[in-house]
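So the protein sequences, as listed, match chains A and B. Under the numbering used here, the first residue of the first sequence carries the number 1, and numbering increases by one thereafter. Under the numbering used here, the first residue of the second sequence carries the number 1, and numbering increases by one thereafter. A quick write-up on the structure given underneath.
2 protein chains.
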Amino acid sequence: MNQNRPHVVILGGGFAGLAAAKSLKAAPVKITLVDRQNHHLFQPLLYQVATAGLAAPDIAQPLRHIFSRQANLTTIMDEAVRLDLPRNQVELARGRMLEYDYLIIGLGVRTGYFGNDQWKPYTLGLKSLDEATYLKRRILQTFERAETVRDTAKWSKLLSFVIVGGGPTGVETAGALAELSKRIMAHDFRRINPALTHIHLVEAGPRLLPMFSESQSEYVRAQLTRMGVTVHLSAPVSEVGDAYVVAGDLRIESENIVWAAGVEGHPLVRNIPGIELNRAGRVLVQDDLSLSAYPNTFVAGDLAFVQREGASPVPCVAPAATQMGRHAGLQIIRKIAEKETKAFSYFDKGSMATIGRSSAVTAAAGIRTRGFLAWLMWLVIHLLFLMGFRNKIGVFITWVWSYLTWNRGARIITGLNYESADAASDSVLSAAQSITDQ
Amino acid sequence: MNQNRPHVVILGGGFAGLAAAKSLKAAPVKITLVDRQNHHLFQPLLYQVATAGLAAPDIAQPLRHIFSRQANLTTIMDEAVRLDLPRNQVELARGRMLEYDYLIIGLGVRTGYFGNDQWKPYTLGLKSLDEATYLKRRILQTFERAETVRDTAKWSKLLSFVIVGGGPTGVETAGALAELSKRIMAHDFRRINPALTHIHLVEAGPRLLPMFSESQSEYVRAQLTRMGVTVHLSAPVSEVGDAYVVAGDLRIESENIVWAAGVEGHPLVRNIPGIELNRAGRVLVQDDLSLSAYPNTFVAGDLAFVQREGASPVPCVAPAATQMGRHAGLQIIRKIAEKETKAFSYFDKGSMATIGRSSAVTAAAGIRTRGFLAWLMWLVIHLLFLMGFRNKIGVFITWVWSYLTWNRGARIITGLNYESADAASDSVLSAAQSITDQ
């Protein structure tokens, strides 16, 4: 390869980073893709891993494999720990310094607490594969513990789950958890009755899924209630502590508090001169997705905060991240060709959310559907966009199987030595270090 | 259920425990099955999880689900920590005390070091799902590390793997690792050439797989050599240290030393009056599999050491464990009916081991096969015995897919916070405790 080609560094192998890398496939550049994981994760199905519907490898694909035929790209499994934008450098956790001509930051967002980071130790996040696997283990262990508790009065506290946040993640998790506990697990336990499980879905605003119409939100609420989920609306969380949460006037005791209420930008972009952040730590970008102070640096995906005239900001969804990533890549091609960059324009493909078996809502191009048809659309679209033919087949068979048998194949508890998922994410860096130091 | 029925406690949900429980399905007893995991594990395919061929849930099945329709059985996810045989009691880690009329111990064996426990920290075991997952992560991370190392002289040490033990586990792991590194990974890396990987298989005895004929052993050795594995015979390990192993006259530097050389009995049965152990800590049983001092207690599976007249002891394989478990269950039925117990007799169904793609050896009823036909037999028999229709389909598709594409679907690194798999197994008890204490 020509060593004089411009070097493009892409941070993050999510939807944005992937699309950016692919858009540069035929470009006269060399690309380095950096991710601390070795895989791309299909985030929209993460809640199914957490509720034992799918196995982790079903929704992940090794980055090296995705790009094995893209000759101008090298993958590095490492974590960016410092950005030096004036010098065009990125420092990696294992000590290496990458020099770039163009930089695309697609590091995404993490579970966020609106400034209440003290709640973090008491809650379970759902943004990474490790968090999802940990949540699954907690859920399954909860039932195992309840089975061995002889004091039946304790069951009600033990078998109580709180999901904070009435967006798609919260709704989908609540629905899947209700099916898991009230239908599937109910058959397998002798002493406890998992149908006694209390699942609370807590939302600060007046309705669930605000991106849908009011009647769709109401449909979702009614469906969840029918499935046994207690939905609390207009109940902003004011306090989270050890095994309890205060939401509105309500205090709910629970050892399993799932936090699906907020996200914040990746910490790497904090306190960097020339990077302007909004309140949630997401990066304010130019209309071509570049930074005003550093025109060779682009931000794409959930981490980019893109204001639109006369419309809400571009949402944090996979199609938006893909469009931004591709746009950033194409602007780099234009810059190399010494052309003017173009403004990013978001094409809204619509929204969809599943509530459970045979039940979902969709809204696209003014057409709203719900119920079985919406659910089928949800299945088909998620299978189409899931990466890898092997994964598509595997997930398809698993779904057909689960539908026919009411069973879940992935109810296996592993890695009992996890103390907390937070520790997992925090210690990645030190683990990577200790590997290098060995 | 009639509370006056005799209480049978089964420790361990492996092949022996499962068969024992099933044999008592129609018996007038109540059964408590105790396992520290929530699943039955199909051990014979564990090496495929370690080499990224299969996902963990593919080869595991929740115990509760297996027995959801057996009304006389209750499953408890907990760990037995103390046996009080004179009082007919088992103490569990979470504090509960189980009283039994009959006890079946099917706790199996663990990775063992022939009294050299100081080698343990430097080796990777392959007896539990957590060990297999950890080994997979180590293998995949090794390649990721090598890709970022600029000093190519370091590659040879970094990409060196040692597998100690030339039995089925060692042979199958060496073959799968050779395929993974030399064929599959070779396509996906840019800088390193995974074909430079050195895989050493070290065996103390004069040939691999001593349960097969000499010509079959030689066939296996030749196949492995052709696949790029360096086979060292008559090379007993005399020392294992930090990133090296001394075997025979040879000193091999490697940070990945897989220990498939020995097992030892579960520690729970140690130092208990009335339980006699052999040198490897396996229990010497009466010919009906009961203990001479405690006729109401049976030991089944790998943990039982069953001497046979004019033949080698019953081997540690799944069919033997299943036969023993069933036998123990049936003897309890006889005892309840006040009949004499019968001696266990092992029916040898034959042996098989796979070396890699299209290559295996089998020996059954005097008929020996090798090559493609043997490999097909291996595939069919493992699919037949794998539990759960969903798992059978999933594994079948994965195998067909891998065969056609040379790809492996499960190359996903998760749980980067694992420090060691040993810590994993050691801390199960304290994890279970802290859960209860919460």
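Think of the CB as a built atom: it goes at the ideal place given N, C-alpha and C, for glycine as much as any other residue.
Identify every run of the beta strand (DSSP E) within the stretch 174-207 of chain B, keeping only runs that are complete inside it and at least 3 residues long; order them along the chain.
198-202
Look at the alpha carbon of Y403 of chain A and the alpha carbon of I76 of chain A, and state the distance between them as a whole number of angstroms.
39 Å
Could you list the residues in the stretch 366-394 of chain B with a C-beta less than 9 Å from some C-beta on chain A, going in chain order?
G388, F389, R390, N391, I393, G394
Quick check: the Cα distance between S254 of chain A and T297 of chain A, rounded to an integer number of angstroms?
45 Å
How long is the line joining the alpha carbons of G115 of chain A and R270 of chain A, rounded to whole angstroms?
14 Å
Which residues DSSP lists as bridging S351 of chain A, in chain order:
A:A363
Secondary structure, beta strand (DSSP E): runs of 3+ residues fully inside the stretch 15-97 of chain A:
30-35, 39-41, 60-62, 73-77, 80-84, 89-92
Counting only the same chain and skipping the five closest in sequence on each side, list residues whose C-beta sits under 6 Å from that of A60 of chain A.
H39, L41
Below 8 Å between beta carbons: does that hold for R191 of chain A and E147 of chain A?
yes
Rounded separation between F389 of chain B and P319 of chain B - CA only:
20 Å
Cβ atoms of V49 of chain A and A132 of chain A: under 8 Å apart, would you say?
yes
Can you tell me which of A:T169, A:I275, A:F143 puts its alpha carbon nearest to the alpha carbon of I412 of chain A?
A:F143
How would you list, in chain order, the residues of chain A whose beta-carbon sits under 7 Å from the beta-carbon of M77 of chain B?
E144
I'd like to know if E91 of chain A contacts chain B, where contact means its C-beta is closer than 8 Å to some C-beta of that chain.
no
Closest to E203 of chain A by C-alpha separation, out of A:H232, A:A195, A:V220, would be which residue?
A:H232
Length at least 4, wholly inside the stretch 132-166 of chain A: the alpha helix (DSSP H) runs in chain order:
155-158
How far does the alpha helix (DSSP H) with A247 of chain A in it extend, from its first residue to its last?
Run containing A247 of chain A: none in the alpha helix (DSSP H); it sits in the beta strand (DSSP E), 244-247.
Do the stretch 154-172 of chain A and the stretch 203-217 of chain A meet, that is, are 3 or more Cβ pairs less than 8 Å apart?
yes
Burial state of V400 of chain A (16 or more Cβ within 10 Å):
exposed
Test: P121 of chain B CB closer than 8 Å to a CB of chain A
no
Out of curiosity, what's the CA-to-CA distance linking A360 of chain A and H200 of chain A?
19 Å
Check whether the Cβ atoms of I257 of chain A and V164 of chain A lie closer than 8 Å to each other.
yes
Would you list the residues sitting across from I104 of chain A in a DSSP beta bridge?
A:I10, A:F298
Using a C-beta cutoff of 8 Å, does Q438 of chain B count as contacting chain A?
With a pLDDT of 29 at Q438 of chain B, under the threshold of 50, the predicted position of this residue should be treated as unreliable, and no value is reported.
Pull up the distance between the alpha-carbon of T322 of chain A and that of G108 of chain A, whole angstroms please.
12 Å
On the DSSP letters alone, give me the boundaries of the beta strand (DSSP E) that S358 of chain A sits inside.
No beta strand (DSSP E) holds S358 of chain A; DSSP gives it neither H nor E.
Name the DSSP beta bridge partners of T369 of chain A, please?
A:T362
In this structure, how does DSSP classify A318 of chain B when only helix, strand and coil are distinguished?
helix
Here's the rule: buried if 16 or more other CB atoms are within 10 angstroms of the residue's CB, otherwise exposed. What is V306 of chain A?
buried
Does the separation of the CB atoms of L11 of chain B and G106 of chain B fall below 8 Å?
yes
At least one CB of chain B closer than 8 Å to the CB of P57 of chain A: is that the case?
yes
To the nearest angstrom, how far is the alpha carbon of S312 of chain A from that of L376 of chain A?
28 Å
Does any CB atom of chain C fall closer than 8 Å to the CB of P295 of chain A?
In the structure shown, chain C does not exist; the protein chains are A and B.
Cβ pair H327 of chain B, R110 of chain B closer than 8 Å:
no
If you follow the beta strand (DSSP E) that I272 of chain B is in, where does it begin and where does it stop?
That residue, I272 of chain B, is in no beta strand (DSSP E); it is neither H nor E in DSSP.
Would you kindly work out how many angstroms separate the C-alpha atoms of N417 of chain A and V246 of chain A, rounded to a whole number?
Any reading at N417 of chain A needs caution, since the residue's pLDDT is 41, under 50, leaving its predicted position unreliable; the model's value is listed next. Looking at the two C-alpha atoms, the distance is approximately 30 Å.
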